[in-house]
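According to my numbering, numbering within the sequence shown proceeds without interruption in unit steps and concludes at 115. Here's the structure, in structure tokens; my notes come after.
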Amino acid sequence: MATEAFTIRAETNIVHMLDNLAGSLDRSRNYLVNQAIKEYLEAHAWQVEKITKGIAAADRGELVDHDDVVREMEDLIEQKAKGRA
């Protein structure tokens, strides 16, 4: 896989923590930073997908009335309070 270099500025304590972890795991700073970025992007990819789908649905006019949502949420809360949810 092709790579590209870029620079970041990090707080000194974060750099020290990174260096300590890299030493403990016998891994490079570069490896750990790449793993952290990859995991962060994977963990947040669902948000981008949901936002994109939501915008597309709104553009198609597929919206739910606010009062309907409030009513449904109130019903769910009431059911939960009664132990039926």
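Idealized CB from N, CA, C, for every residue including glycine.
Item                                                                                                                                                      : Value
What would DSSP say about leucine 93, mapped onto helix, strand or coil?                                                                                  : coil
Using the Cα positions of isoleucine 85 and leucine 93, report the straight-line distance between them to the nearest angstrom.                           : 10 Å
Once DSSP output is grouped into helix, strand and coil, what is the label at isoleucine 38?                                                              : coil
Taking 8 Å as the threshold (C-beta atoms), are serine 58 and alanine 66 in contact?                                                                      : no
Quick one: residues in its chain with C-beta nearer than 8 Å to the C-beta of leucine 48, no 5 flanking neighbours on either side, listed in chain order? : Ala40, Arg59, Leu62, Val63
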